[in-house]
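*Asks:* Next up is a structure, given as structure tokens.
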Amino acid sequence: MPTQDWLKKEFGYGYDSGNVLSIFPSSVRRKEERAIGGSYRKVFRQGLLPFLKPNSKILEIGPGRGSWSKAILQHIPQGELHVVDFQNVESWLQPSRYPGRLYCHQIEDSSAYDRIFDDDYFDVCWSFGVLCHNNLDKIEDVLTQTIPKVKENGYAIHHYGDWEKLENYGWEKGGVPLEFRDKQDDEIWWPRNAQSQMTAAAQRAGWKVINADLGLVQRDSIAVLQRCN
Ligand SMILES: C[S@@+](CC[C@H](N)C(=O)[O-])C[C@H]1O[C@@H](n2cnc3c(N)ncnc32)[C@H](O)[C@@H]1O
Numbered sequence: 381m382p383t384q385d386w387l388k389k390e391f392g393y394g395y396d397s398g399n400v401l402s403i404f405p406s407s408v409r410r411k412e413e414r415a416i417g418g419s420y421r422k423v424f425r426q427g428l429l430p431f432l433k434p435n436s437k438i439l440e441i442g443p444g445r446g447s448w449s450k451a452i453l454q455h456i457p458q459g460e461l462h463v464v465d466f467q468n469v470e471s472w473l474q475p476s477r478y479p480g481r482l483y484c485h486q487i488e489d490s491s492a493y494d495r496i497f498d499d500d501y502f503d504v505c506w507s508f509g510v511l512c513h514n515n516l517d518k519i520e521d522v523l524t525q526t527i528p529k530v531k532e533n534g535y536a537i538h539h540y541g542d543w544e545k546l547e548n549y550g551w552e553k554g555g556v557p558l559e560f561r562d563k564q565d566d567e568i569w570w571p572r573n574a575q576s577q578m579t580a581a582a583q584r585a586g587w588k589v590i591n592a593d594l595g596l597v598q599r600d601s602i603a604v605l606q607r608c609n
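First residue of the sequence shown: 381, per my numbering; consecutive thereafter.
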């Protein structure tokens, strides 16, 4: 189940969240926003935009069809976006449309970061809708492998599943099957995580946790991490 093999197969069709910046959400985005209890436009504008500069170098994990990638590219006209996914996302994201600005990398596991990227390269590492499908040990792997790739004082902003918020928000409303409560993480696509667990994993990986949750969506959490000396 939410093993890497499952993730590789499940999202092969190319996950799409629609245009995350439009004022009026498409039906796809509206459905997702109802489940998550928040606005993607607000998440982008309050959760990520304050960390972007026109020349920022951004690492995005798990772009799928690139809903967030396209929004990022609009705001880094002199920057670079590198996206990393288990899927080959080139046909969806078409990097030739963004010469010198968008690079797509297909990976097998988190050990690839070290082979692909120089250390101290990125200003920000970002993911949305990705870590919520990864078991905590794999999340820690991602956090450990990506920290050296981010510049000192650079940031990581990651959306992740939070079972404590989910419990309060409501499983049915959140679109997560209630029977997952009685299953092991390896059997489900929304493995256990919470702010305390995510904080501990991020700290073990070497990040300073600036905020375990920005409070922008009701079902899940979004953490801001910083690479400090
Ligand atoms: C649910 S989709 C979300 C796509 C996009 N971020 C969005 O919100 O529309 C998850 C994507 O992340 C990829 N993915 C999941 N775990 C990953 C990991 N550990 N490393 C790289 N890609 C991952 C999947 O292959 C899939 O394309």
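Note that the Cβ used here is the ideal one computed from N, Cα and C, for glycine as well.
1) Report buried or exposed for Arg445, applying the criterion of at least 16 other Cβ atoms within 10 angstroms of its Cβ.
2) Output the residue ranges of the alpha helix (DSSP H) runs that lie fully inside the region 455 to 483 and measure 4 residues or longer, sorted by chain position.
3) Rounded to the nearest angstrom, how far is the Cβ of Ala451 from that of Ile527, given a contact under 8 Å?
4) Classify Ile537 as helix, strand or coil using the three-state DSSP reduction.
5) So, are the CB atoms of Asp521 and Ser490 less than 7 Å apart?
6) Ordered along the chain, which non-local residues of its own chain (more than five positions away) have a Cβ less than 8 Å from that of Gly394?
7) Just to confirm before moving on: does the CB-CB distance between Ile441 and Val408 stay below 7 Å?
8) What separation, rounded to the nearest whole angstrom, lies between the Cα atoms of Gly541 and Arg572?
9) With H, G and I counted as helix, E and B as strand and the rest as coil, what does DSSP make of Val504?
10) Would you kindly work out how many angstroms separate the C-alpha atoms of Gly550 and Lys529, rounded to a whole number?
11) Checking the sheet assignment: what are the DSSP bridge partners for Ile519?
12) Nearest-angstrom Cα distance between His513 and Ala603?
13) To the nearest angstrom, how far is it from the Cα of Asn533 to the Cα of Trp587?
14) Taking Asn548 as part of the alpha helix (DSSP H), name the residues at either end of that continuous run.
15) Could you name the residues of the same chain whose beta carbon sits closer than 7 Å to that of Glu412, not counting the 5 residues immediately before and after it, in chain order?
16) Assuming Gln575 contacts Asp593 under a Cβ cut-off of 8 Å, what Cβ separation, rounded to an integer in Å, is found between them?
17) Return the CA-CA distance between Ile590 and Asp498, expressed in angstroms with no decimal places.
18) Taking 6 Å as the cut-off, is the beta-carbon of Gln467 closer than that to any non-hydrogen atom of ligand 1?
*Replies:* Reading from the atomic positions:
1) Within the sequence shown, residue 445 is the residue found at index 65, counting from 1. Per the 10 Å Cβ criterion, buried.
2) You should have 470 to 473.
3) Mapped onto the sequence shown, residue 451 falls at position 71. Mapped onto the sequence shown, residue 527 falls at position 147. At roughly 24 Å, the Cβ-Cβ gap does not stay under 8 Å, so Ala451 and Ile527 are not in contact.
4) Here the question's residue 537 lines up with position 157 in the sequence shown. Collapsing the DSSP output to three states places Ile537 in a strand.
5) Translated into positions along the sequence shown, residue 521 becomes position 141. Translated into positions along the sequence shown, residue 490 becomes position 110. Yes; because the gap between Cβ atoms is below 7 Å, this pair is in contact.
6) Here residue 394 refers to the residue found at position 14 when the sequence shown is read from its first residue. Excluding five sequence positions before and after Gly394, the CB atoms of its chain that fall closer than 8 Å to its own CB belong to Gly444, Arg445, Gln467, Val469, Trp472, given in chain order.
7) For the purposes of this step, residue 441 is taken as residue 61 along the sequence shown, with counting starting at 1. For the purposes of this step, residue 408 is taken as residue 28 along the sequence shown, with counting starting at 1. Pairing Ile441 with Val408 gives a Cβ-Cβ distance that is not under 7 Å.
8) Translated into the one-based positions of the sequence shown, residue 541 becomes position 161. Translated into the one-based positions of the sequence shown, residue 572 becomes position 192. Their Cα atoms are separated by approximately 7 Å.
9) Working through the sequence shown from its first residue, we reach residue 504 at position 124. It is a strand residue.
10) Counting from 1 along the sequence shown, the entry for residue 550 is found at position 170. Counting from 1 along the sequence shown, the entry for residue 529 is found at position 149. Answer to the nearest angstrom: the Cα atoms are 37 Å apart.
11) Taking the sequence shown and counting its residues from 1, one reaches residue 519 at position 139. Looking at the DSSP assignment, Ile519 forms no beta bridge with any residue, so it has no partner.
12) Along the sequence shown, one-based indexing puts residue 513 at 133. Along the sequence shown, one-based indexing puts residue 603 at 223. The C-alpha of Ala603 is placed about 16 Å away from the C-alpha of His513.
13) In the sequence shown, residue 533 corresponds to position 153, counting from 1. In the sequence shown, residue 587 corresponds to position 207, counting from 1. If you take the alpha carbons of Asn533 and Trp587, they lie about 10 Å apart.
14) Sequence index remark: in the sequence shown, residue 548 carries index 168 (1-based). Where Asn548 is concerned, the enclosing alpha helix (DSSP H) starts and stops at 543 to 549.
15) Here residue 412 refers to the residue found at position 32 of the sequence shown. So the qualifying residues of the chain are Ser397.
16) Within the sequence shown, the letter at position 195 stands for residue 575. Within the sequence shown, the letter at position 213 stands for residue 593. Yes, they are in contact, since the Cβ atoms of Gln575 and Asp593 sit about 6 Å apart, within 8 Å.
17) Indexing the sequence shown from 1 puts residue 590 at position 210. Indexing the sequence shown from 1 puts residue 498 at position 118. Cα to Cα, Ile590 sits roughly 25 Å from Asp498.
18) Position 87 of the sequence shown, counted from the start, is the residue given in the question as residue 467. Relative to ligand 1, the nearest heavy atom lies less than 6 Å away from the CB of Gln467.
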